[in-house]
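Have a look at the structure below, then the notes.
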RNA sequence: GCGGAUGUGGCGGAAUUGGCAGACGCGCUGGCUUCAGGUGCCAGUGAAUGCAAGUUCAUGUGGGUUCGACUCCCGUCAUCCGCACCA
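Numbering (this note's numbering), first residue to last: 467 to 1267.
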């Protein structure tokens, strides 16, 4: 009888739910295993097969670990605050709450149909009061410790979405949500002081097991550089122009300085600067440029030389000109640089264009052509002359500066503080009150959650104000400190807030007293294995590590890093090889695959289609191959024959497969694990029969990939225990080898014959056997044997002349 | 520009880390089953050459090390992904 996947899948999903086999236990003598997948943003489009691939990896690991006797926590939830939902709500007039609830229902249905072994009793939704209460609580803790603060600075602003964006949300000068060009705007905004954790975030990477490229991306994002701050005197004033440099060794090569157009000293000395009108014109022009334009103009440097404002080189007392140019950013270092055209390509281009001197201080380059950034002997450099090691020269220069109070060693990061407020409705309200007398006051902890009011009009105002600003009942309140009339903060938190600590809430999702019980935190500990997309490696991953480390410093969590191990899956591309997107019409809906071929086929295919970490296109035909495989597995029932244990012919094949599948699952090599099961299946069919023990082992190995059909076959075998909890097969290393093996015999490195020998035979026996082969005898006849070697279990090579 | 990765049949991809290249699957070809399509089953399938056994060539490309290289070293080309005037 053919396998009826529809009936079977519904039946087993129900049984799993009723039996609660996938519920994690908060107390257990078993070893714990916490597997985490990135919870989805419930968009209106529903899930696509990429989500399924993302979850299937750790799904397989979790199912295997349960069978191996672990107490497994494999939770799921929804990261539901965010702009797409709000934008959709504005367009359709449907309230974001209703949109979110609908989308979550849709996602839940899709996930359940695939048969994931999530612990559904722990589902979280970041937009529920009992969840965001704790998001607000953590924010207040940060406020209390000075890590949440307001500052008026230039920020990334999206004119289309009308929101302030963090650096991470505006990579490449484009809005991450609508891809419009970002403009720079001066605004008073909330920040989280993530830079205070820069070193901890870097150092922590030594203690965790992330894939090398993931680690590297985080390191680059944090962007730590070491160097020195140097104070240059401004001629005829008491003022110091402070700069940051990674190359203090080149101080004698400084021939000019450059300040960012926004640099505050310019205004302070506008009376001295004779061409200040020119400065203002330049400022206006660069303010109009978008971030994108500024980066596109790399080749063509512009700037204005200040007239009446020069600096003095602290190491040799020389007077040097000062320019303003927008290739220097106010947001990095001090907003001013010392320019060494001989040894920095940007400074070189600028010097060439503006006719400034170029003084070589490191031998080795050609000053006619380009800046020289390599190593060499120091020249024209006073006390540094003769040094040849860059590290030593830098150390000597810093020592000189520090001894004379001219500067000091310094560290800079590319990472900037996290712009944390959004002028939007669908987010966690920021629990802060503004009082005319007391200033910014935190909402008391016992008044949390500060509820997001239900409103009818959630469109942002044209003035860029949050929709909450239009609700007097929300805005007007009393100051928690002095009791006088006060106003609430009306901005909300960004999408990344809720996901910055969700892994902690899974540990104790229904607790009303604390975000998670201490004993439970101690029991579950770090997430053992976290899998998700590469696109979250620099944002979500850094943010959540930051929040976690903050909580650790407060003593609220017992371990310093949230994730012990991190991996990332590759995308599933559309059948056309392009990234899946609604506009291209190449999105594959998992429901369609489940309807047509079954959940087991979908699950198997997303893991079999290629290297788990690499992108691969969806192929309609290849899915059918997995359907064939599942159907052929069902066919094993027809060739079941009586017999004890493993049959002699298949014994080593089974042991080898158990070993291979067990190891591959732990190493993200799901494709070869499935291939090994297919190979074994072919071997079974070649033999023509299977014993009960063999069938049981086979379905046990296949169970994490295809849980429904294997439960059904498990039941047919008369087993009373669910396949989901029955023991993972074990192998015997000694039985993984065959008694006899086939060796290739090479002559001068080319395969010329094959021989069969005992698996444990030694060098001399193998070589002797090879030489007995008639073809080999023919080929070495009359020649001199130069060398003979035997590679154990592989081949014999005879070198002749 | 900097950083990272990748390059293997018609396609997705394997290769125990220096040891029989192309596992497994798709596709394709032929055969059986079928009125037919589909399914299923059997055989074949890197290229060239040959009736054949075979021989030669082949892991982007050029060199090198080695008895032996997809794997290691040097050069080069291409593609993809990050970051991008970070001082």
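No residue lacks a Cβ here, since even glycine has one placed at the ideal position from N, Cα and C.
*Identified DSSP bridge partners for residue 1191*: The count along the first chain starts at 1 and reaches residue 1191 at position 725. Looking at the DSSP assignment, residue 1191 forms no beta bridge with any residue, so it has no partner.
*Is the beta carbon of residue 816 less than 8 Å from the beta carbon of residue 805?*
For this step, residue 816 is matched to residue 350 along the first chain. For this step, residue 805 is matched to residue 339 along the first chain. Against a cut-off of 8 Å, the Cβ pair of residue 805 and residue 816 comes out as a contact.
*In the DSSP assignment, what are the bridge partners of residue 656?*
Looking up residue 656 in the first chain gives position 190. Answer is 616.
*What is the DSSP secondary structure of residue 513, reduced to helix, strand or coil?*
Taking the first chain and counting its residues from 1, one reaches residue 513 at position 47. In this structure, residue 513 counts as coil in the three-state DSSP scheme.
*Just mark residue 467 as buried or exposed, buried being the case when its beta carbon has 16 or more other beta carbons within 10 Å.*
What you label residue 467 is simply residue 1 of the first chain in a count that begins at 1. Exposed: under 16 other Cβ atoms inside 10 Å.
_DSSP three-state assignment for residue 773, whether helix, strand or coil_ = For the purposes of this step, residue 773 is identified with residue 307 of the first chain, where counting begins at 1. In this structure, residue 773 counts as strand in the three-state DSSP scheme.
*Report all residues from its chain with a CB closer than 7 Å to the CB of residue 916; omit the five preceding and five following residues, and keep chain order.*
Position 450 of the first chain holds residue 916. These residues qualify, in order along the chain: 602, 895, 897 and 909.
*Check residue 784 in the structure and name its three-state DSSP category.*
Residue 784 sits at position 318 when you count from the first residue of the first chain. Three-state DSSP puts residue 784 in coil, outside helix and strand.
*DSSP state of residue 1245 mapped onto helix, strand, coil*: Locating residue 1245 in the first chain gives position 779, counting from the first residue. Residue 1245 falls in the helix class under three-state DSSP.
*Please classify residue 972: does DSSP put it in a helix, a strand, or coil?*
Looking up residue 972 in the first chain gives position 506. Coil, per DSSP.
*Which listed residue (524, 483, 521 and 544) has its alpha carbon closest to that of residue 506*: By 1-based counting over the first chain, the position of residue 506 is 40. Of 524, 483, 521 and 544, the residue nearest in Cα terms is 544.
_Alpha-carbon spacing of residue 709 relative to residue 652, whole angstroms_ = Numbered from its first residue, the first chain carries residue 709 at position 243. Numbered from its first residue, the first chain carries residue 652 at position 186. Roughly 23 Å between the two C-alpha positions.
*Below 6 Å CB to CB, which residues in the same chain sit around residue 853 once its five sequence neighbours on both sides are set aside?*
Position 387 of the first chain holds residue 853. 844 and 859, listed in sequence order.
*In terms of alpha-carbon separation, which member of 524, 913 and 712 lies closest to residue 875?*
The count along the first chain starts at 1 and reaches residue 875 at position 409. With distances taken between Cα atoms, residue 875 lies closest to 712.
*Cβ distance (whole Å) where residue 1187 is taken to contact residue 474 below 8 Å*: In the first chain, residue 1187 corresponds to position 721, counting from 1. In the first chain, residue 474 corresponds to position 8, counting from 1. Not quite, the Cβ-Cβ distance comes to about 18 Å (not below 8 Å), so this is no contact.
*Can you grab the Cα-Cα spacing for the pair residue 1160 / residue 1111, in whole Å?*
Here residue 1160 corresponds to residue number 694 of the first chain, with the count starting at 1. Here residue 1111 corresponds to residue number 645 of the first chain, with the count starting at 1. Each residue's alpha carbon lies about 7 Å from the other.
*Drop a sphere of 10 angstroms on the beta-carbon of residue 1180, count the other beta-carbons inside from all chains shown, and report buried for 16 or more, exposed for fewer.*
Here the question's residue 1180 lines up with position 714 in the first chain. Per the 10 Å Cβ criterion, buried.
*asked:* Short of 8 Å in beta carbon distance, which residues of its chain neighbour residue 514, apart from the five on each side in sequence? Order them along the chain.
replied: Reading the first chain from its first residue, position 48 is the one you call residue 514. Counting only Cβ-Cβ distances below 8 Å, and skipping sequence neighbours, we find 1038, 1046, 1053, 1054, 1055 and 1056.
_residue 1270 and residue 825 closer than 8 Å at C-beta_ = Residue numbering for the chain in the displayed model covers 467 to 1267; residue 1270 lies beyond these limits and cannot be assessed.
_Option in 706, 886 and 740 with minimal Cα separation from residue 774_ = Numbered from its first residue, the first chain carries residue 774 at position 308. Of the listed residues, the one whose Cα sits closest to residue 774 is 740.
_Cβ-based neighbour list, residue 1254, same chain, cut-off 6 Å, excluding 5 preceding and 5 following_ = Here residue 1254 refers to the residue found at position 788 when the first chain is read from its first residue. Once the five neighbours on either side are set aside, the close Cβ partners of residue 1254 are 1233 and 1264.
*Complete beta strand (DSSP E) runs within the segment 1038-1094 (minimum length 3 residues, chain order)*: none
*Determine, using beta carbons only, whether residue 1086 and residue 673 come nearer to each other than 8 Å.*
Start at 1 with the first residue of the first chain, and residue 1086 comes out as number 620. Start at 1 with the first residue of the first chain, and residue 673 comes out as number 207. Not a contact, by the Cβ cut-off of 8 Å.
*Return yes when the Cβ of residue 786 is within less than 8 Å of the Cβ of residue 720, no when it is not.*
As a working note, residue 720 is residue 254 in the first chain. As a working note, residue 786 is residue 320 in the first chain. Yes; because the gap between Cβ atoms is below 8 Å, this pair is in contact.
*asked:* Nearest by alpha-carbon distance to residue 1079: which of 1032, 992 and 1058 is it?
replied: Position 613 of the first chain, counted from the first residue, corresponds to residue 1079. Here the closest residue by C-alpha is 1032.
_Comparing C-alpha positions only, which one of 1162, 870 and 768 sits nearest to residue 813?_
Sequence index remark: in the first chain, residue 813 carries index 347 (1-based). The shortest Cα separation from residue 813 among 1162, 870 and 768 belongs to 768.
_So if DSSP puts residue 691 in a beta bridge, which residue, or which two residues, is it bridged to?_
For the purposes of this step, residue 691 is identified with residue 225 of the first chain, where counting begins at 1. Paired residue(s): 878.
*asked:* Given a cut-off of 8 Å on the beta-carbon distance, is the pair residue 997 and residue 670 in contact?
replied: Within the first chain, the letter at position 531 stands for residue 997. Within the first chain, the letter at position 204 stands for residue 670. Taking 8 Å as the Cβ cut-off, residue 997 and residue 670 do not qualify as a contacting pair.
*asked:* Measuring straight from C-alpha to C-alpha, what distance separates residue 1143 and residue 1204?
replied: To locate residue 1143, count along the first chain from 1; it is residue 677. To locate residue 1204, count along the first chain from 1; it is residue 738. Whole-angstrom Cα-Cα distance: 18 Å.
*Give the straight-line distance between the Cα atoms of residue 1251 and residue 1214, rounded to the nearest whole angstrom.*
Start at 1 with the first residue of the first chain, and residue 1251 comes out as number 785. Start at 1 with the first residue of the first chain, and residue 1214 comes out as number 748. For residue 1251 and residue 1214, the distance between alpha carbons rounds to 10 Å.
*Length of the line joining the Cα atoms of residue 1082 and residue 1127*: Working through the first chain from its first residue, we reach residue 1082 at position 616. Working through the first chain from its first residue, we reach residue 1127 at position 661. Between residue 1082 and residue 1127, the C-alpha separation is close to 22 Å.
*Tell me which same chain residues have a C-beta within less than 7 Å of the C-beta of residue 1229, skipping the five on either side of it?*
Translated into the one-based positions of the first chain, residue 1229 becomes position 763. These residues qualify, in order along the chain: 1256.
*asked:* Contact between the segment 543-558 and the segment 479-487 is defined here as three or more beta-carbon pairs at a separation below 8 Å; is this criterion met?
replied: no
*Output yes or no for whether 8 Å exceeds the beta carbon distance between residue 656 and residue 886.*
What you label residue 656 is simply residue 190 of the first chain in a count that begins at 1. What you label residue 886 is simply residue 420 of the first chain in a count that begins at 1. Closer than 8 Å, so yes.
*Who are the Cβ neighbours of residue 1092 in its own chain at under 7 Å, not counting the five residues just before and after it?*
One-based indexing of the first chain puts residue 1092 at position 626. For residue 1092, where only same-chain residues beyond five positions count, the Cβ hits under 7 Å are 1067, 1070, 1071 and 1074.
*Roughly how many whole angstroms lie between the Cα atoms of residue 1044 and residue 646?*
On the first chain, position 578 is the one that residue 1044 refers to. On the first chain, position 180 is the one that residue 646 refers to. The alpha-carbon atoms of residue 1044 and residue 646 are separated by roughly 22 Å.
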